[in-house]
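Structure, as structure tokens:
Chains as they are written, first to last, in this note's numbering: chain X, 1 to 429; chain W, 430 to 951; chain P, 952 to 1121; chain B, 1122 to 1297.
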């Protein structure tokens, strides 16, 4: 192994392990602010360090600190303390590992060696995701059962049977996809979606397999225990469901596990149905061959974008009531300056590439990989937004409705989809 | 059995006892005739006119129910329009000068004026002339406070003091709207049954200075109990309440009707015994001066009883039959001697011919029935020999002086079960081996036998914050075969066959069971 | 070397898991130990480059079957006091172990008699999904379909047996 | 005043509605519209920025309790226990005693309300026969770091003043 190999392993693993964790902050902030805006409220807007509130991000920091320093209670009546502590760890670990096989950029070629941009460079792809998400049910069952609390137990019962039921339509939806893509490797799948159809329609999963997309997304919502399928928590009837007895950091781990699972399933949805890391209409080869024009376009677009972004910040970052020398305006100025400095740095790099880089060199490959990572993350963020958006739109299902939907609607539809897809694929040769 | 007769009320046939007036006869079958001045113990006076009822085909057509004997075939009208108008008009008359200060009146909640207003009147006042004002907060002596404005001049208090106590301190003076109850100048109420007038008063005119403003009547929980103040065993109602964050406290004792024992009344001393139940109670159980859990004390005492050559138990003559039987059973098991020495409970020449007795122990007859020795010589002899002495709630300081107690138990290990501190004398109690805080009579159930040989049950409704064992539990903790009240009751039934027919002590009739003299001999 | 170490680790975990399955008193703990064994077995499959079997082991056995078992144990909601008292379990365990010694000895003997095969690459793409699928759907098509049918019949039978009987309602 | 009843036809029967997804997307379009509007310009939010912008409270608002006094400064309360009897939260604790200021016979020796348990239902105000307790102080925020401080006593409640003019308060009562 060369040094480059080792560096690449570290980079890949850290991206696949830490990006989901970093996205926690994005998820939580988005959850709150989107909820606020949808309901015509403002969301968290108070917590700040020296007046810098970073759009609500500091609130997460405050909450994290609170949860970390809260008293960690394990009730006397908890008989199996080890399992009780193990439960949140399982759900968090399963969530993080399930992201390991999702490619976040096309295979990177450096010095003639190619590196698969996944946490674990393995080709079992989507089956791995299905296998690992199946484990998260252990965390829920153990949490609910070892809490020795009827609400927790009921929550765990609901949650576990829900996860087990929805795994089936999810797996069946994936099968019809696999018939189309002809591979279970997520990298292959992503690359497949980089092609275009008739020259202008990207061959995304959502267009090839709309029914499978709907089934998979619905099942993914259920697997993550998200509204409208969050009966496991059902605070109105079950208080808080399986994590009722958990406090402080153990609760926080459950909480984070849920968001990481959301991130992972968003990533899988994006990879399966929304072209993965591909920038629409531009496949990797095209970008690498035309690195100079691409860099130039970026060079122009970024400041223009920043200009409007700054205007937006100015408009919205101000106090909502009469105030002399509004400190939030000063705050907005700081944000804008920071962003301009960031843009300036990126511009310098782009200029350097424009000036010195040749097509098909390491720099070109790296720039494209970075662009693809950004694209991937933007797509995942949009998918996360859909999660949040759905949560604040659709009310919770009743439990029998939930099982009815899973077994009587999604399962037959998924089976039908397999038959139809198989027939079409065979007919088209 | 009394003879039953049939009569008609509002056209419906009812069967009532003969020889009673209409109010009493119909009350037995659940028909209420409103009245102020009539009281079964005081007889009919007929001054309030509230109990006027119609007699169909009778002459006169309207009669006071309190003065009319129920007769066979009588046709009584209660809901005729003219009767309703009479009731309404009487109520209106009573309210002309009534101050309507229910918010500050202690009677509110158990006031006949309030009840009858809701039932029989319920209209706004038509008066526009100023009300006649009279004296308020007049001290009648004997702990009775009088409010002349609230008085309905029914004369119950006056009649009670004339007929029952025969002291006659009160009288009705003036007439019309100036009529009021007064005591004769310089002679306030001064007898040992004076507070009964507070219970007799149907309205809030007479209130007890002791209970005044302490608690509202509707908050009070009631427990049917027996007064433990003397051997008469008056039937009482224990009115207690546990306020939020506070202890369960008895606010007052009221007499409960029992023709066999106390009629309708009780003495003033008896009323005040509730204070002993509330205040200055022993709270902690100690072992060698240190507060310890009950189980440790029991274990220690049991070991000492086993080792001892001679053990003496002292029971209280106020303890219930069950408690006595439980201690007896423990004594039989351990070979100990039981004494109920309690000469000090008898106060010479204190009693009278009405309710108050010399003997201040509630269950001395029961002690005799169970055959427990109580003579002084027996106790002295045993005390000298004993090396373990266990007191089951006997207030020995009443019978013996501190030095006497100290001399008797100078080299004896003592376990003192007591309800109040000082029952073995202050000096002695510092030296005792262990002490157990016991429940008092308002906190346990049981049966006591009064001086007339009537066995009566009582219910303890008070639940103190500090949990204490009662004597049955203490005996059981020391190893008595009677492990609970039910087992102890079975032992009692074995000793006293007259009680054997009742399954549990709660099945005893409310008026008590008269034990004949030869029961004691068995 | 590296593979051997991993194999030993997985084997040890599998053995520890199965021991735990037998030794723990509480069914929940036993079931979780079984899950651990299943996962470590999956690891051993992976070492044998049987990719599909590895994944199926994870999805079906560790994921679905064990989750189902744990789920049902959770349903029973057994507490320490509900468990039967097993006074003589250690006697039984030791007796069972003693009884198993000849069997183990026999097994070892059989193992040793099998001619050793050198570790060798068993063809490119061995154990991958594509290879397995091709074998299944060409050479073994008829048995595969028959088994599918059998499973379907079982499934329908289970549903029919578990279904609500409307007649008994009235 | 009777509640306005609006009858809506039962929905969800047509095939398009039974597919459910279409209706979900319609709903999501509504929420997205709100989201985008507020994201574009957050000055339309229906939010009062509370500590800085104080709410207007009507005279009928049930805030913290106060005990009223006669013009001569003696408490109107006669310790009749009506409020305590009616309190559904069991948060009023009164000790009564003989009156010493000569107004009537009875007065509260202590009058404690445990605000931690109070549910601000206003039954005490309605039950009071003397108009001695009111919840018209206009104080709606009450916090404390321990439970004991949440109990307010008689002197404190007597010292509080009404937050509204008397006519406005009476008008509020009539409105009910």
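Where a beta carbon is used, it is the ideal one built from N, C-alpha and C, also for glycine.
Minimum Cβ-Cβ distance from residue i to chain B less than 8 Å
i	result
residue 566 (chain W)	yes
residue 37 (chain X)	yes
DSSP three-state assignment for residue i, whether helix, strand or coil
i	result
residue 428 (chain X)	helix
residue 397 (chain X)	coil
residue 185 (chain X)	coil
residue 290 (chain X)	coil
residue 624 (chain W)	coil
residue 942 (chain W)	strand
residue 1028 (chain P)	coil
residue 1241 (chain B)	coil
residue 692 (chain W)	strand
residue 588 (chain W)	helix
residue 951 (chain W)	Low local confidence applies: a pLDDT of 41 at residue 951 (chain W) is under 50, so the model's placement there is unreliable, and no value is given.
residue 1218 (chain B)	strand
residue 91 (chain X)	helix
residue 970 (chain P)	helix
residue 803 (chain W)	coil
residue 243 (chain X)	helix
residue 70 (chain X)	coil
DSSP beta-bridge partners of residue i
i	result
residue 1017 (chain P)	Note: residue 1017 (chain P) sits in no beta bridge, so no partner.
residue 450 (chain W)	W:498
residue 197 (chain X)	X:201
residue 567 (chain W)	W:575
residue 472 (chain W)	W:468
residue 115 (chain X)	X:108
Backbone CA spacing between residue i and residue j [nearest angstrom]
i	j	result
residue 258 (chain X)	residue 29 (chain X)	14 Å
residue 620 (chain W)	residue 755 (chain W)	40 Å
residue 969 (chain P)	residue 991 (chain P)	11 Å
residue 72 (chain X)	residue 1234 (chain B)	34 Å
residue 282 (chain X)	residue 197 (chain X)	12 Å
residue 6 (chain X)	residue 1026 (chain P)	48 Å
residue 975 (chain P)	residue 995 (chain P)	24 Å
residue 954 (chain P)	residue 997 (chain P)	11 Å
residue 469 (chain W)	residue 453 (chain W)	8 Å
residue 1170 (chain B)	residue 234 (chain X)	30 Å
residue 1121 (chain P)	residue 1022 (chain P)	Annotation note: pLDDT 47 at residue 1121 (chain P) (below 50); position unreliable, no value reported.
residue 600 (chain W)	residue 795 (chain W)	43 Å
residue 21 (chain X)	residue 256 (chain X)	8 Å
residue 721 (chain W)	residue 817 (chain W)	20 Å
Minimum Cβ-Cβ distance from residue i to chain P less than 8 Å
i	result
residue 124 (chain X)	yes
Below-8 Å beta-carbon distance, residue i vs any chain W residue
i	result
residue 1217 (chain B)	yes
residue 1208 (chain B)	no
residue 1246 (chain B)	no
residue 1250 (chain B)	yes
Minimum Cβ-Cβ distance from residue i to chain X less than 8 Å
i	result
residue 1031 (chain P)	yes
residue 1025 (chain P)	yes
residue 1100 (chain P)	no
residue 1133 (chain B)	no
residue 1121 (chain P)	Note on residue 1121 (chain P): pLDDT 47, under 50, position unreliable in the model; no value is reported.
Margin query: Ignoring anything shorter than 3 residues, give me the beta strand (DSSP E) runs that lie fully in the stretch 817-898 of chain W, in order along the chain.
Written below: Listed in chain order, they are 817-821, 842-847, 863-866, 875-878, 883-887.
Notebook entry, point to check: Which ranges does the alpha helix (DSSP H) cover as unbroken runs of at least 4 residues, wholly within the stretch 590-652 of chain W, from first to last along the chain?
Noted result: 625-629
Checklist line | Whole alpha helix (DSSP H) elements within the stretch 263-313 of chain X, 4-residue minimum | finding: 284-289
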